[in-house]
Amino acid sequence: MQIATTERTKQIQAILERRLPLREKIATVEGNLRSLSRSLETLDQNRDRLITQVSDPEEQNNLKQLNFPQLQTQIQSQLAGLDLLKNRFNRDTINIGVIGRAGQGKSRLLQSLTGLSSNEIPTGDRGHCTGVRSTIQHQPGIDTYGEITFHSEHSFLQETIAPYYEDLGLGQVPYSLDEFARNPMPPRPSHLTNTAVEEGKYEYLQRYYHYLPQYRHLLSKSAPIKITKEQIREYVAQDNLQGERVYHNYLAVKEAKIFCVFPHPDVGQIALIDMPGLGDTGVGDETRLIEILAQDVDLVLLVRLPRPPRDYWGDVDLQLYDTASQALTTLAFKQWSFLILNHTEDNSPIGDNSIYCQDLKSDRENKGLHFAHCITANCADALETNQKLLDPVLNYLVENITELDRQYISSCQNSLLQLQQDIAAELNQASQILKGSTQNNNYFPLFIELFEQLWGELTSALEELLQDLRAERDLENLEFKQQVEAAITACREDNGIPTEEEIKERRDRLGGYPNAYYEYLNEVRAHLSQHFLLLDDVLKQGINQVKTKVTQILIEQGRMGNLAEARESEFISAIAEMIPDNLKRLKLGFQTLAEFDLSYRGLIQHRIRQHLDDLTPDETSLQLSPSPSAAELLSCLNSLHAEAIYKCETALDDLLAEPNQAAFAIVEEFLDRILRAKQVKQEWLKFLQEIYNQVWLEEFEEFGHNSKISQQWITEVEKAISANQKDNFYPFEYKQF
1004 MQIATTERTK QIQAILERRL PLREKIATVE GNLRSLSRSL ETLDQNRDRL ITQVSDPEEQ
1064 NNLKQLNFPQ LQTQIQSQLA GLDLLKNRFN RDTINIGVIG RAGQGKSRLL QSLTGLSSNE
1124 IPTGDRGHCT GVRSTIQHQP GIDTYGEITF HSEHSFLQET IAPYYEDLGL GQVPYSLDEF
1184 ARNPMPPRPS HLTNTAVEEG KYEYLQRYYH YLPQYRHLLS KSAPIKITKE QIREYVAQDN
1244 LQGERVYHNY LAVKEAKIFC VFPHPDVGQI ALIDMPGLGD TGVGDETRLI EILAQDVDLV
1304 LLVRLPRPPR DYWGDVDLQL YDTASQALTT LAFKQWSFLI LNHTEDNSPI GDNSIYCQDL
1364 KSDRENKGLH FAHCITANCA DALETNQKLL DPVLNYLVEN ITELDRQYIS SCQNSLLQLQ
1424 QDIAAELNQA SQILKGSTQN NNYFPLFIEL FEQLWGELTS ALEELLQDLR AERDLENLEF
1484 KQQVEAAITA CREDNGIPTE EEIKERRDRL GGYPNAYYEY LNEVRAHLSQ HFLLLDDVLK
1544 QGINQVKTKV TQILIEQGRM GNLAEARESE FISAIAEMIP DNLKRLKLGF QTLAEFDLSY
1604 RGLIQHRIRQ HLDDLTPDET SLQLSPSPSA AELLSCLNSL HAEAIYKCET ALDDLLAEPN
1664 QAAFAIVEEF LDRILRAKQV KQEWLKFLQE IYNQVWLEEF EEFGHNSKIS QQWITEVEKA
1724 ISANQKDNFY PFEYKQF
C-alpha cells in the first residue's frame, strides 16, 4: 500500500510520540530489578554464612543447591535487554542502519538517499574508505554540518586498543596512553606468521600506534565538536578524494553525526546509520556491529553488489547475516531487515549485473537468508534509489514498526515473567529449608517448665518480702525518726528569733512594736517550717529502698535482669514500659509501684502546718500588752516558737511508723496486682513467652541461636519475595494511537 508522504511524516511522528511514555515505565522496571538483585545478593551472602552455622547436613546441602548467582546472571541479562528497549523508545528518530561488506556500494546508497557527496560520505575503489560509524539525520531547513564525538583516553584504551592485545595475545594492555606511546609495540607473535587475517589485525594495531602523535590531541576533547560540511571527510575517512590515505583523525573518533536535508520530500524524523564495511581487519568490528544494531537501529539494509562473471552467496555473506541476526534475538531478523541488491548498468566498470542480482535474489532463502523484502536498485542513482528503495522502506516502517515494537515489548515481558517465576520458585525453595529445623526445635515444653519454676520462686520471694514488711509495719522507722530528731534540733538551734536590739530597730523603722511583732511572727514561722523539709529525702529514700528490694527479687528470682539496663527503683519503670498494653493487669501492677512516691508534702506538711497557727498574726493567741517593750516582744516570740516545736514534735512522734506502713501497703498492692489478680498468671505467661530467650539465656542458647538465624533467613527471603512481585515487572501497555 502506497502512503502519501505527508501522511507518512505524521505517522512517523506519532510512532515516536507513542514510544516516549514507555521510557519511564521501563526505568521503573529497571529500578525494581536492581532492588531485587540487591535482595538476592544479601540472601546469597546470608546463605554462605548460614551454611557454616546450621548443623543439619540436609539443610546444608539444600542451602548449597540454591543458585542465586545464576539468577543474578539472568537479572543482568534482563537489565541489558531493558536498556536496549529503553534506548529504542528514547530516540527522537526512526533509525535505518546500512551494513555490508566493504565495496558493496553502501556509501553510494547513502549518498543517493541523503544528497551528500563523497566529501561527507567517503567512497573509493581502493579498499576501505569509511573509518567510523556515522549517523546521518534529516533536519529540514539547515546547512549541512557535522558533530564529532571522540574517545576519551580511557575508552580508547579499553574499547579500541585492548581488544587487539587480547585477540592477538600481546600481553598486558597498556594502563595509560603514555605507556602505549612510550613503549615499543609488542613483537609480532610467532603464531601469526601464516595467518593473513591476524597479520592484518596486527598491522591495524600498528596504524593506531604509529599515527598516535597525529590524533592524540583529539582524545582530550571531552565534548563533541561541531564541524563544517567541508571538514567532515577529515574526521570520518581514511583517505582523501584522490584515494591517498592521509587522514588519521578517524582513529580517535567514537561517533560522527551529520545533519542535512534529505532530497526525498517529507521523510519525517529519519536517521541513517552508516557503519564501516566488514571485512577489514579491525578487531571488534563484528561486536560493534551487533551493539549498534541492537541499540540504535529500527530497520537494517544489508547491501550486496553482485559481481560478474559469476557470483553466489559465500561464507562471508552467511557470516555477516548471522552476525547481524544476533543483534536483536527478541525479534526475527527477517522482520526488521531488507536485502538491497546493488544493480549496475552497462556503463559501470563491472557492466550490467542484473542477471546476477536475479540469481542472488532467487537463491537467498535456499541459503537461509530471510528478509522482509528484497529490493534491486541502482544505489548510485538517487532518483531510482529514493523511488524504488526509500519509499518501500519508509512505508514498511510506518505499517510495521508498531507491531515490531509490540512484539519486542511482549518478548521482554515474557522474559521478565519467566525470570520472575524462576526466582519465585527458588525463593519458595529457600523459604522451606529451615522449616523442619524450626519445627524440631520446639521450645514451648521447656519454657512451661522453666516458667512454673520461676513463678514459684518469684511468688515465694515477694511474699517473704511482704511478710518482713508486715512485721515492721507498726514499728518506728529508725531512719525517719533520726531525721525527725535532726529537724527538731535544727529548729531549736537555728530558731531565727531576733535580738532585742534588732527588735528596737524594726520598731523604729515600722513605727511601733505591734507592727514589728506581726512581721517577726511570719519570719519566725517561715524559718521554723523550712527545717521540716529535710524529712522529704528520707521519705523518698525509704520507698526507693523498698523498690530496690523488689527489683532485686525480680532480677534474681524473676530472671529479668537482661530485660533492662536500669537498676534499683528505675528498673520497675523500665519493665512497666516493656509490658504490652494488652496485658492490662500486669502492666497496672508495675505502673502502680513505679509511680508511687512518699514525700514530706504529701504525708507530713499538712500536719505540721496546723501547729504553726500561733505564729500567724491573725491566728496567734499571744498578744502584746498596751505598752509593749522589746523584751516583751522577744519573750512572746520565744514562747510561741517553743510551743510550736513541742506540738510539731508530738505530732511527728505519732508518724514515726508511717514510712513502714506506706512501704507495706504499696508492696501488698503490687503483689495483689501482679500475683493475686484474676488471670494475671496467664498474662505473665504471655509476657515471658515473647522474651523467653532473654530471661533464660543459658537454657535457650541453642534454641535462641537456631531461632535467630532462622528468623534472619526468613526475613531476607520475605524481602526478596516482596521485591519479586509480578506487578513490579509487568507495567507495559503499548496502545495504538
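Residue numbers for the sequence shown, in this note's numbering: 1004 to 1740. No residue lacks a Cβ here, since even glycine has one placed at the ideal position from N, Cα and C.
As a beta-bridge residue in DSSP terms, E1150 pairs with K1229 and K1260. Contact between H1530 and A1490 is absent: CB atoms are separated by about 13 Å, not below the 8 Å threshold. Cβ neighbours of A1579 within its own chain (closer than 7 Å, five residues either side excluded): K1590, F1593, Q1594 and A1597. For F1159, there is no enclosing alpha helix (DSSP H), as DSSP marks it with neither H nor E.
With distances taken between CA atoms, S1413 lies nearest to T1332 out of Q1298, T1332 and A1660. Taking the CA atoms as reference points, L1321 sits about 50 Å from E1721.
Note on V1319: under 16 other CB atoms within 10 angstroms of its CB, so exposed under the neighbour-count rule. Judged by their CB atoms, Y1520 and L1658 are not nearer to each other than the 7 Å cut-off. Here G1034 carries a helix assignment [DSSP, helix/strand/coil].
In this structure, the beta-carbon distance from L1302 to I1436 does not fall below 7 Å. Distance from the CA of L1538 to the CA of Q1692, rounded to the nearest whole angstrom, comes to 43 Å. Secondary structure within the segment 1362-1440: the beta strand (DSSP E) runs of 3 or more consecutive residues, fully enclosed, are 1376-1380 (chain order). Looking only at R1310, L1087, S1463 and Q1682, the smallest Cα-Cα distance to N1585 is reached by Q1682. Under the three-state reduction of DSSP, F1341 is assigned to strand. The beta carbon of W1699 lies closer than 6 Å to those of L1453 in the same chain, with the five residues before and after it left out. The Cβ atoms of L1053 and A1726 do not sit closer than 7 Å to each other.
Contact between the segment 1070-1077 and the segment 1342-1359 is absent: fewer than 3 CB-CB pairs across the two stretches fall below 8 Å.
Note on geometry: alpha-carbon atoms of Q1361 and P1311 lie some 12 Å from one another. From the listed residues K1729, G1371, I1558 and L1323, the smallest Cα separation to S1572 is found for I1558. In this structure, Q1685 is the residue among R1495, Q1685, E1496 and E1522 with its C-alpha nearest to the C-alpha of K1587.
Within the same chain, Cβ atoms closer than 8 Å to the Cβ of L1244 are found at S1121, N1122 and R1236, the five residues on either side in sequence being excluded. When the Cα atoms are used, L1323 and Q1298 turn out to be separated by approximately 18 Å. Rounded to the nearest angstrom, the Cβ distance from N1480 to N1663 is 5 Å, consistent with a contact under 8 Å.
Around Y1315, the same chain offers D1362, L1363 and D1366 as residues with beta carbons nearer than 8 Å, after the five sequence neighbours per side are excluded. A1680: not part of any beta strand (DSSP E); DSSP gives it neither H nor E. Rounded to whole angstroms, the gap between the alpha carbons of E1156 and S1223 is 7 Å.
The residue among H1267, L1036 and R1570 with its C-alpha nearest the C-alpha of S1115 is H1267. Within the segment 1290-1355, the runs of beta strand (DSSP E) at least 3 residues long that lie entirely inside it are, in chain order, 1302-1307 and 1340-1345.
Going by C-alpha positions, S1110 is about 20 Å away from I1293.
According to DSSP, residue pairing for L1275 in a beta bridge involves I1099 and I1139.
Close CB contacts of P1517 within its chain, under the 8 Å cut and outside five residues either way in sequence, are with L1627 and P1631 (chain order).
Taking C-beta separations shorter than 6 Å and ignoring five residues to either side along the sequence, the partners of I1139 in its chain run T1117, I1261 and L1275, following chain order.
Sequence-distant partners of D1146 (beyond 5 residues in either direction) whose C-beta falls short of 8 Å from its own C-beta, in its chain, are K1232. In this structure, DSSP gives A1184 a helical state, which the three-state scheme calls helix. Within the model, the alpha-carbon separation for E1033 versus I1124 is close to 38 Å. Taking each of Q1456, D1617, R1136 and S1576 in turn and checking the Cα distance to L1524, the smallest one comes out for D1617.
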